[in-house]
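The sequence shown lines up with residues -25 to -1, 1 to 571 when you count with mature numbering (1 follows the signal peptide of the UniProt record, and there is no 0).
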Amino acid sequence: MINLSTGRKALIALMLGAASTAGWAGLSDTLFGLSATDSDSGSTSSRGAADGGQRGAASTGFGYNPNDVAAGAMMLQGGKVSRQQGGPGGMAPSPVDVSVAPQAPNSMFGSQLFGGTFHNSRGTGFNPGYQVGIGDTVTLRMWGAFVFDGQLTVDPQGNIFVPNVGPVMVAGVRNADLNGRVLNEVRKVYKANVNVYASLDVAQPVKVFVTGYVKQPGMYGGIASESILSYLDKAGGVDVDRGSYVDVMVKRSGVVRKRFNLYDFLLNGEIDQLQLADGDVIVVGPREHVFTVRGEVYNAYDFEFATPVITLQQALAVARPKPGATHVSIVRRQGTERTTEYYAISNASNVRLNDGDQLAVTSDRYAGTIQVRVEGAHSGEHALVLPYGSTMAQVLSQVRKNPLSRVDEAQLFRKSVADRQKEMLGVELQKLQEAALSAPSATSEEANLRSKEAENITKFAALASKTEFKGQVVLNEQTMGNVILEDGDVINIPERTSVVMVHGEVLFPNAVEWQSGMTTSDYVAHVGGYTQKADNSKIIVIHQNGKAELADSGAKVEAGDELMVLPKVRSKSIEITRGITQILYQMAVAAKLIFW
């Protein structure tokens, strides 16, 4: 099992520099929750480390001209733990965290259209183009020689009955022309001295059938002037797996009155207004032809088109490539054959797309220049743009030194190295998990201890996986000028210093003034000595240029060095001890961080 001394608990979570993870303070209590007595007895606390998006253009159906458009728990990387099964003796540690990937949103362009916003919004139902229908209510006011103020309902013959005038046909009359129509009829009886004002008051409700490939086919109530989008929304919208967004029709008595392409509305904000009547049927047709676009585009969706073939230019017009996109890969699946083609976007007008084609838009650019940052003790520019393939020597020749600059100890930090360091730590953590969970037990008492040990190791691994590595490249003073730089590299010029940092398993981690002739044991003595026996301690000396070496107690130390005293790992399993020691060494050297 893991044995922790009381002194070691107070010295958990020591870190150097900026490359460490937040929240390491108090890590011992968070990780193990042990008192000195608990440590001796091998018991663990229940406290753990909680670890914790009408058809348009004749050929495409898009409705616009494209030329107008420019058995055991495994520690996974990131500190997540997979489902655990029983270990030896039936004892299995509880998982630290189980993450469920969020469900991907529907990829069909247009699926975002129907979310309840249309049918929840209703206006008065009147506009200048609204045609008066049977059952509508007209407010009529007459004054002068004859006075009347009342509401008249359009009868089944399409008339309203005006007192002293008789029936007036208003069915089919535009709302904008209603007052003029009534006034003309009144003038046939009253030549003068009678004025008229007629306006629509209440629209007759209608019931419309919505069917075809919608989520909830049925009859839905509304008013005649409501858009078909409102009725489709009431029916749950187009079935995103089977329905069409480019083939929606309105029928009356079996005759198609109008066809709609919903992409006209989505892409251009255009939709024809059609006045509906009782018994009208809105039919959503089956899905037609589809192509898929992914990669460097703003609209990464599946798109529907109405014709069997469209051009790549038309497809990219709706997908909208991002600035810098240069090429398109097309995967075609026709019958049993699968082929891949590759084109420059500039040749898009000459390429034809078929149903089922898959497009991947890429930015294929070669590196012309790189940018590196120069930080630390210097008086020059902090960002340099250099030709691709430049070396450290070209950067160092441009560094403006100051009196404290240590150019000979220049440090190089690289993201790709940091990523690799984190990846390798993940591998070591997984091996450690496997070793802890597969250790055999001879008795139930030993199995219980193994289980608690495995649980603590799981917590340790979860926290260790959060370590942020610096990605430092160790340089040789004689040959570092030949190192080829990468875009994004950071070069740090260390500052001349007269102190030595001492960290890890010492009583009072601190900075100590450098003195010629002092050894590692002397510096450890200056910070209170070891928290464990000196002959069992391992000391890592990290130089300013990133070079690290395992030193004995009598090794010489230079100004600016850092001493990392590693903890002693106690476990009955040699494999577990070796694994933890390896991980601690990696973290001390690559991240300048020690905890246990």
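Don't be surprised by glycine CBs; every beta carbon is placed ideally from N, CA and C.
Delimiting residues of the alpha helix (DSSP H) encompassing residue i
i, result
"Thr433", "Ser419 to Ala439"
"Ala292", "Leu287 to Ala294"
"Asp277", "Looking at the DSSP string, Asp277 is not in any alpha helix (DSSP H); the run it does join, the beta strand (DSSP E), is Asp277 to Phe280."
"Gln126", "Careful: Gln126 lies outside any alpha helix (DSSP H), inside the beta strand (DSSP E) at Phe123 to Thr128."
"Val268", "Counting along the chain, Val268 falls outside any alpha helix (DSSP H), though it belongs to the beta strand (DSSP E) covering His264 to Gly270."
Alpha carbon of residue i to alpha carbon of residue j, nearest angstrom
i, j, result
"Gly310", "Ser304", "19 angstroms"
"Leu541", "Gly364", "39 angstroms"
"Val221", "Thr92", "20 angstroms"
"Lys226", "Phe184", "10 angstroms"
"Glu488", "Ser372", "32 angstroms"
"Glu533", "Ser491", "8 angstroms"
"Asn520", "Ala385", "6 angstroms"
"Leu237", "Val336", "25 angstroms"
"residue 601", "Ile257", "Outside the displayed span of the chain (-25 to 571) sits residue 601, for which this structure offers no information."
"Arg425", "Ala411", "8 angstroms"
"Val475", "Ile432", "32 angstroms"
"Leu207", "Gly254", "15 angstroms"
"Ala319", "His302", "4 angstroms"
"Val448", "Arg389", "7 angstroms"
"Lys166", "Val181", "38 angstroms"
"Ala530", "His518", "13 angstroms"
"Gly260", "Leu204", "15 angstroms"
"Ala132", "Val171", "In the sequence on display, residue 132 carries Gln and not Ala. One C-alpha to the other measures close to 22 angstroms."
"Ala429", "Asn423", "10 angstroms"
"Thr454", "Val370", "14 angstroms"
"Arg22", "Val516", "Bear in mind that the predicted position of Arg22 carries a pLDDT of just 36, short of 50, making it unreliable; the figure below should be weighed with that in mind. Their backbone Cα atoms lie some 35 angstroms apart in a straight line."
"Ile468", "Glu480", "29 angstroms"
"Glu452", "Lys522", "11 angstroms"
Extent of the continuous beta strand (DSSP E) to which residue i belongs
i, result
"Lys233", "Val230 to Phe235"
"Thr495", "Unbroken run through Thr495 is the alpha helix (DSSP H), Thr495 to His501; no beta strand (DSSP E)."
"Leu158", "Premise fails: Leu158 lies in the alpha helix (DSSP H), Leu153 to Arg162, not in any beta strand (DSSP E)."
"Leu371", "It is not in any beta strand (DSSP E) - Leu371 instead sits in the alpha helix (DSSP H) that spans Met367 to Leu371."
"Ile459", "Per DSSP, Ile459 belongs to no beta strand (DSSP E) and is neither H nor E."
"Phe388", "Gln386 to Phe388"
"Met455", "Per DSSP, Met455 belongs to no beta strand (DSSP E) and is neither H nor E."
"Phe89", "Looking at the DSSP string, Phe89 is not in any beta strand (DSSP E), and its letter there is neither H nor E."
"Pro261", "Val256 to Pro261"
"Gly119", "Thr112 to Gly119"
"residue 649", "Residue 649 is absent from the structure shown; the chain starts at -25 and stops at 571."
"Pro142", "Gly141 to Met144"
"Ile109", "Neither: Ile109 is in no beta strand (DSSP E) and is coded neither H nor E."
"Pro444", "A quick correction: the sequence has Phe, not Pro, at residue 444. No beta strand (DSSP E) contains Phe444, which DSSP labels as neither H nor E."
"Glu537", "Glu537 to Leu541"
"Ala486", "Asn485 to Glu488"
"Gly147", "Neither: Gly147 is in no beta strand (DSSP E) and is coded neither H nor E."
"Ala523", "Ala523 to Ala526"
"Phe478", "A small correction: the amino acid at residue 478 is His; Phe does not occupy that position in the sequence shown. Here the beta strand (DSSP E) through His478 covers Val474 to Gly479."
Proximity below 7 angstroms, CB of residue i to CB of residue j
i, j, result
"Asp176", "Thr112", "yes"
"Val502", "Asn485", "yes"
"Arg307", "Arg262", "no"
"Val145", "Val164", "no"
"Val349", "Ile459", "no"
"residue 610", "Glu279", "Nothing in the structure corresponds to residue 610, since the chain is present only between -25 and 571."
"Arg149", "Gly197", "no"
"Ala358", "Glu470", "no"
"Ser169", "Gly125", "Note on residue identity: the sequence assigns Val, not Ser, to residue 169. Result no, Cβ atoms of Val169 and Gly125 do not sit closer than 7 angstroms."
"Ser354", "Arg375", "yes"
"Asp152", "Lys190", "no"
"Asp332", "His264", "no"
"Pro138", "Phe123", "yes"
"Ala393", "Gly456", "no"
"Phe89", "Gly212", "yes"
"Asp497", "Val347", "no"
"Gly147", "Gln106", "yes"
"Ile514", "Thr495", "yes"
Rounded distance between the beta-carbons of residue j and residue i, thought under 8 angstroms
i, j, result
"Asn322", "Val293", "The Cβ separation is near 18 angstroms, so there is no contact."
"His478", "Glu537", "7 angstroms"
"Ala199", "Gly108", "6 angstroms"
"Tyr276", "Ser82", "6 angstroms"
"Val284", "Arg313", "In fact, because the Cβ distance is near 19 angstroms, the residues do not count as touching under 8 angstroms."
"Leu249", "Lys233", "5 angstroms"
"Tyr188", "Ala210", "Going by Cβ atoms, the distance from Tyr188 to Ala210 rounds to 10 angstroms, so no, they are not a contact pair."
"residue 578", "Phe444", "Outside the displayed range of the chain (-25 to 571) lies residue 578, so it cannot be described from this structure."
"Leu127", "Phe136", "7 angstroms"
Proximity test, Cβ basis, 7 angstroms: residue i and chain B
i, result
"Gly212", "Annotation note: the requested chain B is absent from the structure, which comprises a single protein chain."
#### Entry: Whole runs of the alpha helix (DSSP H) within the segment 280 to 361, excluding any shorter than 4 residues
287 to 294
### Query
Taking only runs of the beta strand (DSSP E) that begin and end inside the segment 165 to 244, which ones reach a length of at least 3 residues, in chain order?
169 to 177, 180 to 187, 193 to 198, 218 to 227 and 230 to 235
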